[in-house]
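Under my numbering, residues 54 to 301 are what the sequence shown spells out, in order.
Beneath this line is the structure, given in structure tokens, with notes to follow.
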Amino acid sequence: MPHFEVIILGTGDAFSEERTPTALLLVYGGFSLAVDCPDSYRKVLRETATKADRALSLEGVDHLLLTHVHGDHMNGIESVAFYKHLVERKRLTLVASSEVRSVIWEQRLRASMGTLWDGEVLREKRFEDYFDFRPLSWSDSTTVGPFRIRARPTRHHVPTSALLVEAGGRVLGYSSDAAFDAELLDFLAPADLILHETNLGPAHSPLSALEALPEGIRERMVLVHYPDGLAESGTSIRLAHQGDVLRP
Ligand SMILES: [Zn+2]
Numbered sequence: 054m055p056h057f058e059v060i061i062l063g064t065g066d067a068f069s070e071e072r073t074p075t076a077l078l079l080v081y082g083g084f085s086l087a088v089d090c091p092d093s094y095r096k097v098l099r100e101t102a103t104k105a106d107r108a109l110s111l112e113g114v115d116h117l118l119l120t121h122v123h124g125d126h127m128n129g130i131e132s133v134a135f136y137k138h139l140v141e142r143k144r145l146t147l148v149a150s151s152e153v154r155s156v157i158w159e160q161r162l163r164a165s166m167g168t169l170w171d172g173e174v175l176r177e178k179r180f181e182d183y184f185d186f187r188p189l190s191w192s193d194s195t196t197v198g199p200f201r202i203r204a205r206p207t208r209h210h211v212p213t214s215a216l217l218v219e220a221g222g223r224v225l226g227y228s229s230d231a232a233f234d235a236e237l238l239d240f241l242a243p244a245d246l247i248l249h250e251t252n253l254g255p256a257h258s259p260l261s262a263l264e265a266l267p268e269g270i271r272e273r274m275v276l277v278h279y280p281d282g283l284a285e286s287g288t289s290i291r292l293a294h295q296g297d298v299l300r301p
């Protein structure tokens, strides 16, 4: 029986000087699902492979779930999709909410990906030339390979999906970016492992609120998306680090 593994690619935020923005690679039985996509993605995979002592490469990542359109969570998608299109000659399977789909091409990617020079003429390119889109449902579970995913909107600046991901009978909960929300914690509570964000500002979860949660939840919680300067000595909750391989 394979194990559900969560490889931590980054733990930072948009302003981190020290760390890659928060991103995950979910692995089960040889299938990989990327969750969010920071810039310089191939470099991030290489760095993580070294730290985790795993063979990781972009050729092994054909499925990407985007939780929301903030740059620290999606700036790498242009290069990843170009690599799939130009080098591997395939499409990237993109899993995201209909809210993300409604803006990601027209308002984010079309300016840089909407035309390609073929050596003779500029060819117009469409979203469908690069991506095989799978909608992430808010009401039903969404199946991607071996993963069964439930999504819930968080309180954030833009539409954002928190996730419950099940594979092999084990469940990962991921807050993505979220203001502190007791109902979101209720959604995440059934998970065997909860990756929760913490950061500054009204659209993020203060560390003090997470530290005040019951021990039964805190002991299954690992922090991601934390600001530079937070170290193990600064919190009673475990911190994730790039290269960690966690098993829900
Ligand atoms: Zn965000």
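Heads up, the beta-carbon is just placed ideally off N, CA and C, and yes, glycines get one too.
Anticipated Cβ contact below 8 Å, residue i with residue j, distance rounded
i             : j             : result
glycine 65    : glutamate 71  : 7 Å
histidine 278 : isoleucine 61 : No, histidine 278 and isoleucine 61 are not in contact; Cβ-Cβ is about 11 Å, not under 8 Å.
leucine 98    : valine 197    : About 19 Å; that fails the 8 Å criterion.
serine 150    : proline 212   : 6 Å
Residue of the options minimising C-alpha distance to residue i
i                : options                        : result
alanine 231      : Gly254, Arg95, Leu145          : Gly254
aspartate 171    : Leu147, His116, Leu139         : Leu139
valine 224       : Phe233, Glu236, Ile202, Ser214 : Ile202
phenylalanine 57 : Leu78, Ala67, Thr73, Ser69     : Leu78
leucine 280      : Phe68, Leu237, Arg273          : Reading off the sequence, residue 280 comes out as proline, not leucine. Comparing Cα-Cα distances from proline 280 to each of Phe68, Leu237, Arg273, the minimum goes to Phe68.
alanine 76       : Pro55, Met54, Thr101, Ile290   : Thr101
threonine 251    : Asp234, Pro243, Tyr94          : Asp234
glycine 329      : Leu292, Leu241, Glu285, Met166 : Examination of residue 329 is not possible in this model, given that the chain is present from 54 through 301 alone.
leucine 175      : Phe184, Glu181, Ser165         : Ser165
proline 91       : Ser289, His116, Gly129, Leu111 : Gly129
Span of the beta strand (DSSP E), counted from its first residue to its last, around residue i
i              : result
isoleucine 202 : 200-206
arginine 119   : Before going further, note that residue 119 is leucine rather than arginine in the sequence given. Leucine 119 -> no beta strand (DSSP E), and no H or E assigned at all.
glycine 129    : Run containing glycine 129: none; DSSP gives neither H nor E here.
leucine 111    : Element bounds for leucine 111: n/a, residue is neither H nor E.
glycine 63     : 58-63
Which runs of the beta strand (DSSP E), 3 residues or longer, sit entirely within the region 212-237?
Entirely contained in the region 212-237, the beta strand (DSSP E) runs reaching 3 residues are, in chain order, 214-220, 223-227.
Curious, which full-length beta strand (DSSP E) runs of at least 3 residues does the region 78-104 contain?
Look at the region 78-104 and you find these whole runs of beta strand (DSSP E), each 3 residues long or longer: 84-88.
Can you give, in chain order, each stretch of the alpha helix (DSSP H) that sits fully within the region 131-207 and has at least 4 residues?
Segments of the alpha helix (DSSP H) lying fully in the region 131-207: 151-156, 163-166, 180-183.
Give the list of continuous beta strand (DSSP E) stretches no shorter than 3 residues that lie fully inside the region 233-301.
Here the runs fully enclosed are 246-250, 274-277.
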